[in-house]
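Down below is the structure, laid out as structure tokens.
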Amino acid sequence: MNSETKQCQNCKNQFTVESDDFAFYEKIKVPVPTFCPDCRMQRRFAWRNERALHRNVCAKTGKKIISGFAPDSGLKVYDREVWWSDAWDPMAYGVDYDFSKPFFKQWKELFAKTPHPAVFNTQTTNCDYTQYTGNMKDAYLVSASWGGENLAYSARVQFCRDIFDAFAVYDSELCYEDVGVFKSSRTHFSQNCESCMDGIFLYDCRGCTNCVGCTGLRNMSYCIFNQPYSKEDYLRKIKELKINTYTGIREVREKFEALKQSQVRKYAMLVKCERSTGDNMQNVADSKNCFDIAGEIRNCKFIQNGTKLLTDSYDGYGVGAGVDLLYEAFDSGVEGSRQLFCMTVYGSHDATCSFNCHGCGNIFGCIGLRNKEYCIFNKQYTKEEYEKLVPKIIKHMNEMPYVDEKDRIYKYGEFFPIGLSPFGYNETAAQDFLPVTKEVAQMMGFNWRDSKAPEHQPTLLAQNLPDDIENSSAEIIKENIGCLSCAKAYRIIPKEYQFLKQFHLPLPRFCPECRHQARLKLRNPLKLWKRSCKCNKKHTHHTGKCHNEFETSYAPDRSEIVYCESCYNAEVA
Ligand SMILES: [Zn+2]
Ligand SMILES: [Zn+2]
Ligand SMILES: [Zn+2]
Ligand SMILES: [Zn+2]
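For reference, each letter of the sequence shown is one residue, going 33 to 605 in my numbering.
This is how it looks when you write it as structure tokens:
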């Protein structure tokens with residue numbers, strides 16, 4: 033089939049469905065989507081509250097809990113341990129499918145009465161303040177992360193240990209304030225780096241050790257602002273830079289940012305990738321339009337944040353760990369197959385339109401099930417009954433689709449409408465990547481949750497913190513520090529204090545949320561543009577203008593000079 037142009041029913045922009053897209057949709061028996069890729073991403077993200085945590089009460093035990101679900105959501109929330117126990121039965125909430133009402137209306141009713149766990153994390157120890165994490169120990173305010181130990185204030189970190197304040201960091205340890213870093217250790221304030229050690233303020237460096245304020249270096253050591261030094265001179269110079277103080281760090285950052293702006297940029301951060309487009313990817317083949325994914329990922333498209341062993345999948349956020357044929361899903365995978373329109377579905381196969389189900393097979397519209405087969409709306413069927421009823425439901429979804437207040441139509445093949453999300457749009461990943469004002473959100477039919485009044489007043493202002501951590505005492509962990517930017521109070525946690533002391537790094541002046549937002553600002557959007565190389569120099573493959581084309585997350589109107597792989601390598605290597 034040839035490619036076709038469609039109009040998105042949400043934003044009304046045109047989008048292209050390529051011939052291999054048709055083949056994928058045919059393979060998993062879903063119709064062609066009616067929302068464009070960006071609107072589909074927004075819809076998934078708006079169901080995922082990663083960092084807004086509320087004080088709530090376990091509806092079963094009365095215990096005080098921390099939850100992503102606000103008390104005013106009206107949902108039945110259980111303490112995580114209670115939810116995972118046998119103290120209740122999700123099948124007790126099962127209902128018959130009602131052919132007089134749209135599917136999503138019925139699903140919402142089931143969602144409103146079935147208990148949900150306080151937070152979504154699996155196989156974790158001491159990770160109460162984390163969301164969408166798994167296989168993890170001792171983490172605090174970490175989200176969308178998989179595999180790791182001793183982590184805090186981070187998102188999208190995979191297989192890491194001893195990491196603080198990171199975004200999209202993989203297989204690394206002992207790092208601080210990094211964005212898009214792979215296989216590195218003791219590397220701080222760095223971005224788009226791989227296999228670096230003992231670095232501070234590095235950008236697109238690979239295999240470098242003992243470097244400060246450098247960009248585009250390969251296998252170098254003892255460099256400062258891209259100038260090589262002898263070991264002795266290097267050690268003397270970095271002492272002069274006073275990178276152990278807040279003032280010193282600020283000055284190095286300014287010089288580093290200026291150097292970064294003056295350098296050419298590579299069109300994308302792709303490490304060991306073949307025939308793939310996107311950004312911040314490692315070990316990926318034959319995949320298009322993906323971001324923040326690493327580890328044996330093959331034949332995928334429109335994935336944002338994916339981890340090891342993900343194949344033949346489209347439209348996923350926070351997916352992987354051994355899954356294929358996944359479509360329009362988030363926080364799903366983990367030894368599974370054919371998970372369509374799923375949210376937090378692990379170890380399951382042939383799961384459709386389901387939420388928070390684990391170890392299941394052949395489930396449709398289910399919520400909170402574990403180790404069940406042939407269920408619809410949490411009700412048990414025989415294999416024969418199930419196989420007869422599901423096609424009837426799909427037909428009914430098409431004949432009586434859910435229509436939201438903005439007249440968007442949801443037949444079979446659409447993900448859950450944003451308007452049904454229990455979270456305020458501003459609490460979700462959607463606000464991080466596709467921010468809107470409260471007015472716009474309401475105009476679009478999205479929910480909004482006004483932020484709560486702060487619980488604590490600052491006892492110490494960030495501007496009064498000592499310049500050098502050596503001049504602070506361990507008592508600092510008792511202070512409520514007023515953020516330099518938003519004035520909200522935040523704390524230094526004991527392991528953070530220990531870590532900063534170990535590396536002689538200054539105490540942070542901003543609250544965790546402002547730090548997260550600052551890291552997001554360092555990144556390009558989750559979007560690609562077709563552009564051509566800006567190189568006008570003479571390289572082996574061209575004289576005069578280079579004609580290589582690529583897809584890049586640098587929008588055409590940005591000031592950076594963006595090069596193709598060959599020209600970039602000729603300049604930096
Ligand atoms: Zn759209
Ligand atoms: Zn703040
Ligand atoms: Zn070029
Ligand atoms: Zn060139």
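For glycine and all other residues, C-beta sits at the position ideal for the given N, C-alpha and C.
Just so you know, these numbers come straight off a predicted model, no measurement behind them.
On the three-state DSSP scale, how would you describe residue i?
i: Leu291; result: helix
i: Tyr125; result: helix
i: Ile513; result: strand
i: His488; result: coil
i: Phe131; result: coil
i: Met252; result: coil
i: Lys333; result: strand
i: Cys546; result: helix
i: Thr309; result: coil
i: Lys271; result: helix
i: Glu82; result: coil
i: Ile325; result: strand
i: Arg112; result: helix
i: His579; result: coil
i: Gln41; result: coil
i: Cys71; result: helix
i: Asn388; result: strand
i: Leu107; result: coil
i: Met168; result: strand
What's the call for residue i, buried or exposed, on a 16-neighbour Cβ count within 10 Å?
i: Gln138; result: buried
i: Trp115; result: buried
i: Met475; result: exposed
i: Ala150; result: buried
i: Leu539; result: buried
i: Val64; result: exposed
i: Asp53; result: buried
i: Asn251; result: exposed
i: Gly94; result: exposed
i: Asp236; result: buried
i: Met33; result: exposed
i: Lys553; result: exposed
i: Leu358; result: buried
i: Val422; result: buried
i: Lys333; result: buried
Do residue i and ligand 1 come close, with the Cβ less than 7 Å from some heavy atom?
i: Asn45; result: yes
i: Cys246; result: no
i: Leu42; result: According to the sequence displayed, residue 42 carries Asn and not Leu. Yes, the Cβ of Asn42 comes within 7 Å of a heavy atom of ligand 1.
i: Asp53; result: no
i: Asp70; result: yes
Apart from the five residues just before and just after residue i, which ones in its own chain have a Cβ nearer than 6 Å to its Cβ?
i: Leu206; result: Asp194, Ser217, Arg218
i: Arg481; result: Gly456, Glu459
So is the beta-carbon of residue i under 7 Å away from any non-hydrogen atom of ligand 2?
i: Lys520; result: yes
i: Glu209; result: no
i: Phe542; result: yes
i: Ser517; result: yes
i: Glu545; result: yes
Across which residues does DSSP place residue i in a beta bridge pair?
i: Thr162; result: Val174
i: Lys298; result: Tyr595
i: Ile232; result: His220, Val244
i: Phe199; result: Ala187, Val211
i: Trp139; result: None, per the DSSP bridge assignment.
i: Leu358; result: Gln371
i: Lys320; result: Lys333
i: His632; result: Any question about residue 632 goes unanswered here, given that the chain covers just 33 to 605.
i: His381; result: Ser369, Gly393
i: Gly338; result: Ile325, Val351
State yes or no: is the C-beta of residue i nearer than 7 Å to some heavy atom of ligand 3?
i: Ser308; result: no
i: Tyr595; result: yes
i: Cys305; result: no
i: Ser671; result: Absent from the model: residue 671. The displayed extent of the chain is 33 to 605, so no value can be given.
i: Cys567; result: yes
Excluding sequence positions up to five away, which residues of its chain have a Cβ less than 7 Å from the Cβ of residue i?
i: Gln673; result: Residue 673 cannot be examined here, being either before or after the span of the chain that is shown, 33 to 605.
i: Gly350; result: Tyr164, Ala176, Asn337, Phe362, Asp363
i: Pro134; result: Met432, Pro433, Tyr434
Looking at ligand 4, does it come within less than 7 Å of residue i, judged from the CB to the closest heavy atom?
i: His579; result: no
i: Lys298; result: no
i: Cys385; result: no
i: Ala184; result: no
Among the residues of its own chain, which have a CB less than 8 Å from the CB of residue i, if the five just before and after it don't count?
i: Asp128; result: Phe409, Lys411
i: Ile525; result: Tyr172, Ala184, Ile509
Does the beta carbon of residue i fall short of 7 Å from some heavy atom of ligand 5?
i: Phe478; result: You won't find ligand 5 in this model; what it holds is ligand 1, ligand 2, ligand 3 and ligand 4.
Comparing the C-beta of residue i with each C-beta of chain B, is any distance below 8 Å?
i: Leu249; result: You won't find chain B in this structure, because it holds only one protein chain.
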